[in-house]
Each structure stands twice: as C-alpha cells, then as structure tokens.
Amino acid sequence: EVQLLESGGGLVQPGGSLRLSCAASGFTFDTYAMSWVRQAPGKGLEWVAAIGGSGHRTYADSVRGRFTIYRDNSKNTLSLEMSSLRAEDTALYFCAKDSGFNFLPDFWGQGTQVTVSS
Amino acid sequence: QSVLTQPPSAAGTPGQRVTISCSGSSSNIGSNYVYWYQQLPGTAPKLLIHTNNQRPSGVPDRFSGSKSGASASLAISGLRSEDEGDYFCATWDDSLYVVFGGGTKLTVL
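Sequence order for the protein chains is A and B.
Residues in the first sequence are numbered from 1 upward in steps of one, following the numbering used here.
Residues in the second sequence are numbered from 119 upward in steps of one, following the numbering used here.
Okay, here's the thing in structure tokens:
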C-alpha cells in the first residue's frame with residue numbers, strides 16, 4: 001500500500017525558512033518522480049515543484065529561486081527547502097507520487113500546513 | 119487565475135448525470151493527457167481519471183473522462199450524495215510545468 005507522510009510544516013515569519021519532508025513507502029521510490037503541490041486556504045491546487053527519479057528538478061515560476069526540491073533515495077524521503085517565505089506561500093503542502101506521465105500525480109499524502117505570518 | 123478554466127460550481131440531484139468542463143490551450147490540454155482529481159471535504163485529492171479517459175482500479179464506472187482538442191470533460195452519472203466535493207482537472211504544459219484547473223465544487227441537491 002502506497003503511503004506518503006508529510007511533516008515539517010508550521011508557523012514562520014515572512015522572510016523565514018522551513019524544510020518539509022515526506023516519508024514514502026509501499027512502492028519503489030527511486031523509480032518514480034515526486035512532486036509538491038500546495039493549496040491555499042479555500043483555494044485550488046497549485047503545483048510547486050517536481051523531481052525525477054534520478055534528480056532532474058523543475059519548479060513553478062512562483063517559487064523558483066526560493067524553494068529547492070530534493071530527494072534521498074536511500075531513505076525513501078522527499079524534501080522541500082523553502083526560503084524567503086511570503087504570506088502568499090501560506091498553504092497546505094501535499095507530497096505526491098508521479099503516475100508516470102509528466103509529473104502528474106496518482107497518489108497524494110494528507111498534507112502539512114505552512115503558515116507565513118508575523 | 120488558473121491556466122485551465124473550470125466552472126466554479128456544478129449541481130445535480132441524486133441519480134442525475136453531471137458534466138464538468140475543463141478548457142485549456144494547444145500547449146497544455148491540446149498536446150498532453152488530462153487527469154481528473156476528486157477532493158472530498160477535509161481530505162487529500164484522489165486520482166479519478168488518468169490519460170484522458172482511464173479509471174484507476176477502484177474508481178466506479180459512473181465516472182468517465184473525455185478530451186477533444188484543447189478541452190476536456192468529466193462526466194458523473196448516477197450522482198450520489200458522497201460525490202459532493204471539489205473536482206480538479208490537470209495536465210502538463212509544454213512550458214515545462216504541471217497546470218491545474220481552478221476546481222469545480224459539486225453539490226448534490
């Protein structure tokens with residue numbers, strides 16, 4: 001059974017940093033791309049970043065240069081390093097497993113909440 | 119403002135058929151597969167349709183997807199109260215990122 005468990009969310013001040021993690025199990029982690037997708041309160045889904053099984057990365061324009069996605073295939077862990085955080089980054093951040101087509105997910109974790117506020 | 123356009127709301131009575139549209143462009147829907155996700159209140163999104171019209175194992179055949187040109191649609195037949203929630207379309211854009219629709223809130227009257 002596929003499981004994705006996010007952690008690391010919390011309250012951070014504008015300009016601050018935060019690292020999110022996602023522990024994956026139930027599938028061969030290193031053969032799948034992984035993504036982070038966020039959802040602001042009461043809003044729709046916004047794709048944030050993705051990383052291929054071998055490490056190729058791609059980012060949404062809204063976070064490029066501020067966020068870094070990386071993975072540790074030896075620990076089946078996906079991470080998102082976020083810096084220079086802004087109020088508009090406040091959202092529920094989901095870890096998602098790739099379906100095999102262009103980073104589109106087929107399974108999502110339950111999410112971890114990030115709130116950027118002074 | 120989302121790259122893919124969905125109606126903000128849809129509604130139907132139990133047993134009815136409801137259709138949700140998703141409009142894009144030649145650089146996204148027009149040249150890539152469309153996926154649909156269901157998000158029930160307070161839960162994570164769940165894959166409903168992949169590669170335009172394929173249902174993952176466990177998804178009832180009441181749900182169907184189609185695509186024509188730069189538009190796609192999700193149809194739900196035999197509407198049930200437990201179908202109430204938000205529905206999102208998604209695809210890859212050739213500018214190298216995943217794009218989502220703004221979501222459609224489905225109400226079962």
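All C-beta atoms in this analysis are idealised placements derived from N, C-alpha and C, irrespective of residue type, glycine included.
Sequence-distant Cβ neighbours of Val12/A in its own chain, meaning closer than 6 Å and more than five residues away, are Leu18, Leu85, Val116.
Note on the stretch 121-185 of chain B: there is no whole alpha helix (DSSP H) run with a minimum of 4 residues.
In this structure, the straight-line span from the alpha carbon of Asp106/A to that of Leu158/B is close to 16 Å.
For Trp36/A, there are no C-beta contacts with chain B under 7 Å, since the nearest C-beta of that chain is about 11 Å from it.
Here the stretch 214-226 of chain B lies against the stretch 46-64 of chain A, with 3 or more beta-carbon pairs under 8 Å apart. With respect to chain B, the C-beta atom of Pro14/A has no partner C-beta closer than 8 Å. Thr209/B and Ile147/B have their C-alpha atoms some 6 Å from each other.
Taken atom to atom, the span from the alpha-carbon of Lys223/B to that of Arg71/A is near 34 Å. Below 8 Å, enough C-beta pairs join the stretch 84-100 of chain A and the stretch 2-10 of chain A to call them touching: three or more. Residues of chain B with a Cβ closer than 8 Å to the Cβ of Leu104/A are, in chain order, Tyr151, Tyr153, His168, Ala208, Thr209, Trp210, Val216. Glu6/A: member of the beta strand (DSSP E) spanning 3-7, first to last residue. For the pair Gly142/B and Leu122/B, the Cα-to-Cα distance works out to about 5 Å. Straight-line spacing of the CA atoms in Pro174/B and Val114/A works out to 31 Å. Annotation: Cβ neighbours of Thr58/A in chain B (cutoff 8 Å, chain order): Leu214, Tyr215. When DSSP states are grouped into helix, strand and coil, Ser199/B belongs to the helix group. Between Ala129/B and Leu227/B, the C-beta gap is smaller than 8 Å, which places the two residues in contact. Excluding residues up to 5 positions away in sequence, Phe29, Asp30 lie with their Cβ nearer than 7 Å to the Cβ of Asn73/A in the same chain. In its chain, beyond the 5 residues on either side, Glu6, Leu92, Tyr93, Phe94 have a beta carbon closer than 7 Å to the beta carbon of Gly111/A. At a beta-carbon threshold of 8 Å, none of the residues of chain A lie near Leu197/B; the nearest stands roughly 22 Å away. Nearest neighbour of Ser118/A by Cα position, chosen from Val2/A, Gly10/A, Glu1/A, turns out to be Gly10/A. At a beta-carbon threshold of 7 Å, none of the residues of chain B lie near Gln3/A; the nearest stands roughly 12 Å away.
With a cutoff of 8 Å on beta-carbon distance, Ile194/B and Val152/B are scored as not near each other.
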